[in-house]
Amino acid sequence: MKLAQYVLQRFATYLAVLFIGLTITFFLPRFMPGDPINNYISQIQARAGQTLSPEAVEQIRNSLAELYGLKGNLFTQYVGFLNRVILHFDFGPSFTNYPEKVSTILLRALPYTVGLLLTTTALSWIIGNLIGLVAGYYNKRAGATVLELLGIVLYPIPYYILAISVLIVLAFWLQIFPISPTFLPGEFTWEKFKQILYNSILPALTLVLAGFGWNILSMKSLAVSTKEEPFVQFARLKGVPNWNRMTGYVFRNALLPQVTALILSLGTIFNGALLTEMIFSYPGVGLLMRTAAGAGDYNLLYGSITLSIIAVATAAFILDLIYPLFDPRIRLGR
Amino acid sequence: MADRIVSTKSSQKGRSPLKLNARLYVGLSIISVFILGSFILPFFTDVDPAAQGTYLKNMPLSAKHLLGTNSLGQDIFWFLVFSIRNSLLIGLGASFGITLISTFLGMSAGYIGGWYERIVVLFIDTFITIPVLPILIVLGALVRGNTSFAIVAAILIVFGWAWNARTIRSMVLSLREREFINMARFSGAGTFDIIYKEVFPHVYAYMVVGFINTILFAINTEAALAVIGLSKIQVPTLGSIIFWALNYNALMIGQTAWIVAPIVATVLLFLGLFLTSTGYNELFAERRGVA
Amino acid sequence: MSRKSPLTSWVIALVVIMSMILSACAPSVATAPAATQASSGSTEATNPPASDATGGSGEMTEVGTPRSETLIVQTFDGKVDVPDNFNPLNASYVLWRGLRELAWGYLWEMDTATGQSYPELAAEMPKILDDQHTQFQVSLKKGIYWSDGVEFTADDVIYTLDTYFAGKGKLTYWGIPAITGYVKSYKKIDNYTVEIETTHPAYDFVTTMGVYTWGSLFNILPKHVFEKVEDLSTFKNPNPVTLGAYTLKSFDPNGQWHLWQRRDDWQRSSTGWMGQPAPKYILYKNFGDEQTRTLAFIKNQYDVDTFMSPDGIAAGKKQNPLIKSFSPVMPYHDMGDACSYGILMNNQKAPLDNPNVRWALALSLDLKSVGFNSMNGEFRASALPMPDTQITHPAFFAPLEQWLKDFKLEDGYQPWDPNFAADMVKKMTDAGADPSTLPTGDNVTKSYGMGWWKYDPAEAEKLMATAGYKKGADGFYAGPDGKTWEVELVIPSDWNKVMQRVGFSIADSWNKAGFKTNARQVDNGEFGKVQNTNSLLTTMVNWTPSCVFNTNYVQNWRSITKDNLKPVDSNEEIVGNNMRVTDEKIFAQIVEAGSMDQSTPEFLQTGQEIIKGMLSQMFYINMMNIPTTIPTNDTYWTNFPKADNAYSVPYTWWSSFKKILVTIKPTGK
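Protein chains in written order, with this note's numbering: chain A, 55 to 388; chain B, 2 to 292; chain C, 338 to 1006.
Following this line, the structure appears as structure tokens:
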């Protein structure tokens, strides 16, 4: 059956992506120039005012190598790690925050990244496509040109420039939003939810704006061509009202490539989210990754990159599974 | 990544109010100003724009210093000129490599098919899905200190080829089924001959569009890394100039030109590249008649 | 296809699903932190306490405390990934978040303005029981209580020492190997007296068992809490029981902030004798990177910053008159930090093994331009291998001034430039600096230091010629083989912006003087590795060999030993002697100083001799004191320590913070 074959094929790709991704990211941090143990010892030296004797340092070095799982050659470490990651989803302890588990640190940051990403991706996709649809469907009117111009100007602006501009205008000049986010601990309440929302608006706005442009432009060009197709013209002659033609005929047919594009751009969107987090000090995985890279904390870095790849690949896989809903050719086996 | 915007599917019967060729003209003129300006102007100065303390600090805009000088005693205008040039160079270099690799892999996969295609597609899917930034963060920390820009470009190539390869492969896939290819095959032409003579001309237009979009991708990625301090920031690029301006709090010490000029330049350059690529794409689609 | 299709409903369904996912995800955003919040008072934070009638505008902080009673401080360490570890036996606990100043108590603290130690938990300075200086009797103050009401006694001290010895090799805190190597035996005499014997004659007993500059190797544990814990290596010490005047109220599970509340029984705390600390609440919060921090500071969102860049402060002062730097005149900041910035050179690696080459690099460094370009001229030059502070100046700088003036290199050249400070003022004036911000008269040398080395590329060229290096056609020095010498200068990346900037300016200066220099910026992980690995280090901007805070220079320099010397191509890591000094005479002098009574003039004289030896061979190019840029905002709190109100140094991470807390006043806003 066509559908089963499709699902299987996607699943195989999913596994392969995971495997290749994990392998690349496993070896990459090992080539990093930093060395967690030396970093740690030099920090200690600075703090302890050079009071450690060479024997004491040697003792620390040995015990840390043991604790961090850095004994043995690269292959032994690799096998050990794969074992732990695959069987227990365990990335070991963070080097700079020993003995805290990397998975604990990641789980703390993950909700922020996921929340930010899901919201902004959905918003920019839905609103962008609606604007694009209107601009394309009514492409002869002046308003449509304005909407399209919006897309043309927004699309090529890089994330970091949008982020910096948004920060300057909304947080500093107009003072509508906080300059740096604050999150309260404690029970989840409506108040707390509002606070999280309020503190997340700036990074979210950046991501929505950045995603906007492409959705407007591509939807518009699809809508323009689709509405000239014979079946839409036929519907018009049949007397199907404007709104129904726009949504039921044009949008429906333009939807497919837009979903495909969304699946393909997930990785890119994720990159943007990481960058945005770094610029706004938003407590997600991106910020974690930056500090881990700086401190040479392999385990944390490895964990956060692995998590990113799993997240993006899984999101793409889920969208792949929903895809047949939109594409009757797969659903019905052509 | 920029290439997503290439929509080859529309046959533009309905005229867009924004005339296609207008896009191309505007885009091309922006790019030519940037290219000509940044490649010719450097011949008219002996001053190393990155040398510190060449002029007095924080001077306002004047005829002598078009954009004033920054907190390091550098002339902002000249720094910007060199930044644009270096960014363009990196963009062109990376884009050249990416176009070569992606065209080769995309075309061969599309035409040869079979296991070869499956493996290539698997790698394409992987490289598209894997978020590149985390990997670039690691690599950035690794190489930024003592490497040339060639290595930065090489890294961009390794992680940037998949998008174009994917598009080209699917184009070739649809071409493969067309009449004229079969004709060529039956008339006894070799695989390479067919790819070169029959398939390539159709892919060519996309290559141009892809090439321009990839420049955009490369400049953008390098600049993003520079803004968070992970590229070779002592070399002027569009990213490093923003990095320095942020580092010295340009905006708040009244050095508006220092931060706004590179932002405006970046947006304009990107707009120019983008308009050129879409303009060209649609022009070609029009000429082709039907995609 | 053109019938009223199910697809519209699919789209609607998708939107519904999306919004469900969104609403489902939102609670998870919030509950996850709540779940990991193990500490005290998490619920209190959401229910703002009633204002304590100190008046004020009734404005509340984001963490639910009255702004008028809350002192808000930028964190020293940015954001932390693991904010809930308060166990001082663990090296990665959040010690920068107020634990050192507000929570722990020490046997002896150090007055960071004078370098003098004073008793805190101890009743007095230790009694020395033998002539070898190895046996000490420590008596403790009575009436000090832990924050949970249990009295602090000798048992806590003994328990801490027991724990250190038992946990050797298992617990990661660096004080453990240090103290267990330092202490030979100990015993309790009575509830308020202990006796401790050291392994070697110890003239630094109070600074080792107490505080040297910043931290302590010996953090006393509450026996009644820790003895119940099964595994101290994984214990996180939630709800830390404190000796200091504050207790932890709540903190951000994301590591952006920690909130402290004054103890009701603060009189019974380790700092109770100093008086009542003014702020009821102290919030340590990370306001993000430099850009967002400056914005927040201008908007009065916090009161004290830590290491803001000169430009950030300039911007702040320009836009908000209540923002003040330590001094209204150049160089604006307190220069009393224990360490200084300088350039490490690998003394073993050719051609840097030649003192003439090292001197050539020093004379090719235009420090005035470096300080002007990278620091806006806000620095104090220091030519000796230590910072020029109010403590070290009378001990080392003033006695050596004449020697510096007379000092000659091998070829008779006199490198000392006594006019450095005056020239610096001139440079600032030429650049259009406001004369009212520039020092005059005696203050010129006080501000910019008593001098530095001349900037003389011509002399450098002569020195390089003796080593066989000549400038090539491209203007860069090339070795005897005709190859250009490429100097690698390792500098910190974003994690230390001041050094990063200074580093780029040094490279700029050397390049102009003919040394082809590549400034390679590295993250802090790699920085430590380069510093400690012989074969990697060529030159680097660094501070570690120069940390001399009080007159006890041996504290730092004892690591300059033969033990810390490895073959030139060895990849083995070493700690200390990072510049690979090979001079036997210096080694011997340092060993000799280590066994001297530090209160004697002979000890200082030996130090001066060591300095002369180091300078003659230019082991290390020391450049400037670390400018500790600590701007304050007077909106909610005033009377912070300033140059004209110097009741303490301005640091929020030293003992000075304890003094600041009892001295600042609320504005009532």
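Here a beta-carbon is modelled for each residue, glycine too, at the ideal position from N, C-alpha and C.
Predicted model, so just to flag it, every value in this text is computed and none were measured.
Bounding residues of the beta strand (DSSP E) (the contiguous stretch that carries residue i)
| i | result |
| --- | --- |
| M961 of chain C | Y957 to N962 |
| W445 of chain C | W445 to D448 |
| D527 of chain C | V520 to D527 |
| E877 of chain C | Looking at the sequence shown, residue 877 of chain C is not Glu but Met. T876 to N879 is the span of the beta strand (DSSP E), which, as asked, contains M877 of chain C. |
| W594 of chain C | W594 to R599 |
N- and C-terminal bounds of the alpha helix (DSSP H) containing residue i
| i | result |
| --- | --- |
| T782 of chain C | N780 to Y785 |
| N269 of chain A | W244 to K281 |
| H561 of chain C | K560 to F563 |
| F124 of chain B | G115 to T130 |
Per DSSP, the bridge partner or partners of residue i
| i | result |
| --- | --- |
| K853 of chain C | C:E823 |
| A633 of chain C | Note: A633 of chain C sits in no beta bridge, so no partner. |
| K155 of chain A | A:P147 |
| P829 of chain C | C:V859 |
| A459 of chain C | C:L477 |
| L228 of chain A | BP columns for L228 of chain A are empty, so no partner. |
| V548 of chain C | C:S553 |
| M343 of chain A | According to DSSP, M343 of chain A bridges with nothing at all. |
| P1003 of chain C | C:W974 |
| E910 of chain C | C:T870 |
Best match in the options for proximity to residue i [C-alpha to C-alpha]
| i | options | result |
| --- | --- | --- |
| M611 of chain C | C:D499, C:L746, C:C884 and C:E446 | C:E446 |
| R600 of chain C | C:F588, C:P616, C:V781 and C:G749 | C:P616 |
| L702 of chain C | C:N756, C:F588 and C:K791 | C:K791 |
| A327 of chain A | A:Q63, A:V304 and A:Y166 | A:Y166 |
| G840 of chain C | C:K1006, C:L704 and C:P559 | C:L704 |
| A154 of chain B | B:G115, B:K65, B:N221 and B:I254 | B:N221 |
| A819 of chain C | C:D831, C:K505 and C:A802 | For clarity, residue 819 of chain C is Gly in the given sequence; the question names Ala instead. Closest option to G819 of chain C, Cα to Cα, is C:A802. |
| I997 of chain C | C:N982, C:K1006, C:P978 and C:P1003 | C:P978 |
| I213 of chain B | A:L291, A:P210 and A:I250 | A:P210 |
| M877 of chain C | C:M836, C:S784, C:P614 and C:D771 | C:M836 |
| L444 of chain C | C:T766, C:A460 and C:K763 | C:A460 |
| G255 of chain B | C:P882, C:I923, C:A651 and C:F542 | C:A651 |
| N282 of chain B | B:A206, B:T215 and B:Q235 | B:A206 |
Straight-line Cα distance separating residue j from residue i
| i | j | result |
| --- | --- | --- |
| T391 of chain C | T629 of chain C | Legend: pLDDT at T391 of chain C = 45, less than 50; position of this residue unreliable, value from coordinates given subsequently. Taking the straight line joining both Cα atoms gives about 31 Å. |
| F237 of chain A | G552 of chain C | 30 Å |
| V156 of chain A | P147 of chain A | 5 Å |
| K799 of chain C | G54 of chain B | 26 Å |
| A718 of chain C | L231 of chain B | 31 Å |
| S88 of chain B | I36 of chain B | 11 Å |
| G581 of chain C | W483 of chain C | 8 Å |
| G504 of chain C | F572 of chain C | 13 Å |
| I372 of chain A | E627 of chain C | 40 Å |
| G435 of chain C | I619 of chain C | 9 Å |
| A382 of chain C | E406 of chain C | For A382 of chain C, the predicted model reports a pLDDT of 38, less than 50, meaning its position is unreliable; a value from the coordinates is still stated below. Approximately 15 Å between the Cα atoms of the pair. |
| T545 of chain C | I516 of chain C | 8 Å |
| E567 of chain C | P559 of chain C | 15 Å |
| L203 of chain A | S830 of chain C | 40 Å |
| E929 of chain C | V520 of chain C | 21 Å |
Distance cut-off 8 Å: residue i Cβ against heavy atoms of the ligand NAD
| i | result |
| --- | --- |
| T398 of chain C | Ligands in the displayed structure: none, and consequently the ligand NAD is not present. |
What are the residues in the region 136 to 162 of chain A lying within 8 Å of chain C by C-beta distance? Listed by position along the chain: S148, T150, N151, Y152, P153, E154, T158, I159, L161 and R162.
At a CB distance below 8 Å, what residues from the region 757 to 777 of chain C approach chain B? Give them in sequence order. Only A768 and G769 from the region 757 to 777 of chain C bring a Cβ to less than 8 Å from some Cβ of chain B.
Could you name the residues of the region 624 to 644 of chain C whose beta carbon sits closer than 9 Å to any beta carbon of chain B, in the order they occur along the chain? Contact annotation: in the region 624 to 644 of chain C, residues whose CB is within less than 9 Å of a CB in chain B are D626, E627, Q628, T631, L632 and I635.
Interface positions of the region 841 to 863 of chain C facing chain B (Cβ-Cβ less than 9 Å), listed along the chain: Answer set for the region 841 to 863 of chain C: F841, S842, A844, D845, S846, N848, K849, N855, A856, R857, Q858, V859, D860, G862 and E863.
With 9 Å as the limit, tell me which residues of the region 709 to 721 of chain C have their beta carbon closer than that to any beta carbon of chain B; keep them in chain order. F709, N710, S711 and N713
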